[in-house]
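Reviewing the structure listed below.
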Amino acid sequence: MASWNSIKLRVTYEVLGWSAFVSWSISFYPQIILNFQRKSVVGLNFDYAVLNMVKQCYYLVYNTTLYFSPVVQRQYGNKYGHKQMNPVALNDVAFSSHAVLLSAITLYQIAIYERGNQKVSKAALGLAIFVLIISAICVFIALRNRHWLWLISIFNVVQVALTVIKYIPQAVFNFMRKSTEGWSIGLVLLDFFGGVANFLQMITQSIDQGSWKNIYGNIGKVLVAVISIMFDLLFMFQHYCLYRHKSETLVEPAKSQDQQLSENAASNAV
7 MASWNSIKLR VTYEVLGWSA FVSWSISFYP QIILNFQRKS VVGLNFDYAV LNMVKQCYYL
67 VYNTTLYFSP VVQRQYGNKY GHKQMNPVAL NDVAFSSHAV LLSAITLYQI AIYERGNQKV
127 SKAALGLAIF VLIISAICVF IALRNRHWLW LISIFNVVQV ALTVIKYIPQ AVFNFMRKST
187 EGWSIGLVLL DFFGGVANFL QMITQSIDQG SWKNIYGNIG KVLVAVISIM FDLLFMFQHY
247 CLYRHKSETL VEPAKSQDQQ LSENAASNAV
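Each residue of the sequence shown is one higher than the last, beginning at 7 in the numbering used here.
Here's what the structure looks like:
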């Protein structure tokens with residue numbers, strides 16, 4: 007792997023990388039805290055939560071393998087040139103590890119907190135199962151040919167695709183309810199800043215190397231940043247423009263059907 011040509015650009019790269027790590031890592035907490043305070047996950051789309059968990063797992067495998075495995079790094083050098091730097095930084099590994107943990111906590115909250123009549127759709131579950139089956143097939147192919155870079159590149163494509171798909175249910179959910187209540191705007195703002203810092207980090211490395219090959223070599227990282235920024239802008243528009251006067255519509259968690267039946271029975275008895 008190549009080395010840095012400019013100390014200033016290297017420092018800038020590290021600052022941007024860890025800024026992205028901090029922003030993206032902290033972005034998980036506003037939603038978790040909001041769920042805890044309300045003791046409810048009403049307003050958080052469960053399809054988003056499930057697909058995000060799957061996405062983060064694939065991203066973790068990609069980052070840790072390319073960062074730590076000499077075999078994969080050698081295959082990367084053979085494909086893109088041994089003078090190219092590793093496109094995965096330590097902050098990428100740290101973020102994806104943290105993201106898997108926090109995504110799991112969010113799913114746990116969905117399991118234990120009030121969720122009204124919300125549930126994970128069959129489409130989301132079907133997509134997750136389909137992705138796992140395809141991945142298993144790819145693993146068997148890679149085992150036979152030792153094409154590890156090819157395998158994690160497939161995983162990278164999967165996590166980019168899931169990044170696009172995972173936001174759609176939440177955006178549609180907000181639109182159908184005409185409200186963003188239950189969906190943390192803090193998550194959105196921090197995710198936006200993390201995406202910008204992450205994108206600028208990759209540009210900084212390209213400027214130092216005088217080549218865009220690191221962009222091609224880790225196109226997933228760039229696309230994730232761009233896609234996240236685009237959806238974050240949409241969520242900001244929903245929160246601050248479209249539905250800003252409707253933030254109180256779901257202050258109280260939606261009651262489940264069992265709760266409603268119990269209350270109706272009690273009132274009839276009286």
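Where a beta carbon is used, it is the ideal one built from N, C-alpha and C, also for glycine. Here the structure is a predicted model, which means the values were calculated and not measured.
Helix, strand or coil: how does DSSP classify residue i here?
i: Ser46; result: strand
i: Ala95; result: coil
i: Lys85; result: helix
i: Arg80; result: helix
i: Asn162; result: helix
i: Arg250; result: helix
i: Glu187; result: coil
i: Arg16; result: helix
i: Gln211; result: helix
i: Arg152; result: coil
i: Lys219; result: helix
i: Gln266; result: Model confidence at Gln266 stands at a pLDDT of 49, short of 50, so the residue's coordinates are unreliable; what they give is reported in the following sentence. In the structure shown, Gln266 sits in a helix (DSSP, three-state: H, G or I).
i: Asn11; result: coil
In the DSSP assignment, what residue or residues form a beta bridge with residue i?
i: Glu120; result: Ser46
Give a yes or no on whether the minimum CB-CB distance between residue i and chain C is below 7 angstroms.
i: Gly83; result: The question asks about chain C, but that chain is absent: this structure has only one protein chain.
To the nearest angstrom, report how far apart residue i and residue j are at their CA atoms.
i: Lys125; j: Ser212; result: 44 angstroms
i: Gln62; j: Asn220; result: 21 angstroms
i: Arg44; j: Glu187; result: 11 angstroms
i: Ile191; j: Arg152; result: 44 angstroms
i: Asn84; j: Phe146; result: 22 angstroms
i: Ser75; j: Leu240; result: 38 angstroms
i: Ser29; j: Thr70; result: 20 angstroms
i: Asp98; j: Ile13; result: 21 angstroms
i: Ile118; j: Arg80; result: 46 angstroms
Among the options, which has the Cα closest to the Cα of residue i?
i: Ser217; options: Phe34, Tyr86, Gly188; result: Tyr86
i: Ala105; options: Val232, Phe27, Phe161, Arg150; result: Phe27
i: Met91; options: Trp154, Asn123, Tyr19, Ala231; result: Tyr19
i: Tyr114; options: Ala55, Leu72, Leu133, Val99; result: Ala55
i: Tyr68; options: Phe237, Gly223, Leu240, Cys247; result: Gly223
i: Trp10; options: Phe74, Thr210, Gln62; result: Thr210
i: Phe284; options: Gly201, Ala117, Arg250, Leu248; result: Residue 284 falls outside the range modelled here, since the chain spans only 7 to 276, and no answer is possible.
i: Ala203; options: Val228, Asn180, Leu107, Phe181; result: Val228
i: Leu50; options: Arg80, Val178, Val94, Ala167; result: Val178
i: Ser103; options: Ser25, Met59, Arg150; result: Met59
i: Gln215; options: Trp154, Leu66, His88; result: His88
i: Ile39; options: Ile116, Gln79, Leu96; result: Ile116
i: Thr169; options: Phe199, Tyr64, Tyr249; result: Tyr64
i: Gly226; options: Val48, Asn162, Ser234; result: Asn162
i: Ile174; options: Ser109, Ile233, Ile32, Tyr82; result: Ile233
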